[in-house]
Amino acid sequence: MSAVSASSLTPLGRIRQWLSRPHLPVNGVLQLDRRRLYILPTLHGLAFAVLLLTMLLTALNYMLNLGLLLTFALTGLGFAVMWHAYRNLLAVALRAGEAEPVFLGQTAWLPVELSIPAGYARFGLELHCHDQHAQAVDLPTGGSVHCLLPWQPVRRGWITLPRQTITSRFPLALFRCWSYSDLPLRVLVYPQPEADAPAAPASTQPDEQSSASRLDDDHPDQLRPYRPGDPLRSIAWKHSARLDSWLTRVGQQGERLERWLDWHTLPAGLSDEARLSRLTRWVLRAEQEEIDYGLRLPGQEVPLGHGPAQLRQCLEALATWGQP
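Residues in the sequence shown are numbered consecutively from 1, following the working numbering.
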């Protein structure tokens, strides 16, 4: 913002600009120092201040020395509470963790580590994002605590959380001390699987050439002597040459079926998001059926495979398709 535009801001606008300045971590850690903390009285604190003012006026009007003593004692207590509420957040460090991917419609839980290098323990720290439910944690002396920050994503792909707020009302809830953090919290959101998706395309038997290219002769499948009628793709060529006798694999890799999940085979009337939702359901079914499956999207292809890595690669391709 230029100097001219900054000078044209109202006092309230300048306060908002000052509060909205970024609080970015350094080397992955955001430490709350004096420049990042803000404190104001709560409704209980304002009521307490009104009570003290009433007690002061009453004691002065009726010349009650004990009333003045009690008022000043409670005033000192209020200042002590304000200092402890401020100190409860001072020097707290925050570090972002890696969140597990979720499907659209599920709640994402993003890990945040809170720690203090030394000093006193911290109590009643609340971490939340916008109107989401706050997570309350206590920090032991010189220790750390992991908390999960809930977030409800509204779209697929990589989602970066907006600014987070950490708050403390300890002790007595007379003051609210808070700070902002711009931790790089993000989560990968998969498309929501279609609830009543039709059956996926039928599986096919792999051709001999593609099967032979995927089979590894060093794969630790069980071997048995060759029997007439065994397919050529199941022959362990290296072991057969080494032992000078024909050996056949009896593992499942040589007999696994194939299935291609192709974007272009879906009905033309489906929207892009509906296509992604149906393909997501088909990918999950293919993983449960223990077949080799691949995924074809416009401009992108995931080769045939099976297992957790294949499932993760297909779901990530569906989640990020069409996004920069």
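Positions of the beta carbon are idealized from the N, C-alpha and C atoms, including for glycine.
- The shortest CA-to-CA distance from residue 151 to any of 187, 80, 96 is the one to 187.
- Below 8 Å, too few C-beta pairs join the segment 47 to 60 and the segment 123 to 142 to call them touching: fewer than three.
- Closest in C-alpha terms to residue 204, from the list 308, 300, 291, 84, comes 291.
- Taking C-alpha positions only, residue 72 is separated from residue 48 by approximately 13 Å.
- Assigned with DSSP and collapsed to three states, residue 107 falls in coil, not helix or strand.
- When C-alpha distances from residue 287 are compared across 242, 268, 184, 260, the shortest belongs to 260.
- Classified as exposed, residue 160 has fewer than 16 neighbouring CB atoms from the shown chains inside 10 Å of its CB.
- Here DSSP, grouped into helix, strand and coil, assigns residue 189 to strand.
- Classified as exposed, residue 61 has fewer than 16 neighbouring CB atoms from the shown chains inside 10 Å of its CB.
- Linking residue 145 to residue 115 through their CA atoms gives a straight-line distance of about 6 Å.
- Residue environment: residue 17 is assigned as exposed (fewer than 16 neighbouring CB atoms within 10 Å of its CB, all protein chains considered).
- The C-beta distance from residue 169 to residue 42 rounds to 7 Å, short enough to meet the 8 Å contact threshold.
- In this structure, residue 277 and residue 192 form a Cβ contact; the two beta carbons are roughly 6 Å apart against a cut-off of 8 Å.
- Residue 153 and residue 110 have their C-alpha atoms roughly 12 Å apart.
- Within the same chain, and ignoring the five residues on either side of residue 149 in sequence, the residues whose Cβ sits closer than 8 Å to its Cβ are 109, 110, 111, 112, 127, 128, 129, 132, 135, 161, 164, 185.
- Taken atom to atom, the span from the alpha-carbon of residue 117 to that of residue 263 is near 53 Å.
- The continuous stretches of beta strand (DSSP E) do not include residue 314, which lies in the alpha helix (DSSP H) extending over residues 308 to 320.
- For the 8 Å CB-CB criterion, residue 183 and residue 37 do not form a contact.
- As DSSP reads the structure, residue 292 sits in a beta bridge with 258.
- Contact annotation: residue 104 and residue 35 have beta-carbon atoms that are not nearer than 8 Å.
- In this model, residue 307 and residue 194 are separated by some 21 Å (Cα to Cα).
- Assignment of residue 157 by DSSP, reduced to helix, strand and coil, places it in the strand class.
- Around residue 284, the same chain offers 193 as residues with beta carbons nearer than 7 Å, after the five sequence neighbours per side are excluded.
- Residue environment for residue 175: buried (at least 16 other C-beta atoms within 10 angstroms of its C-beta).
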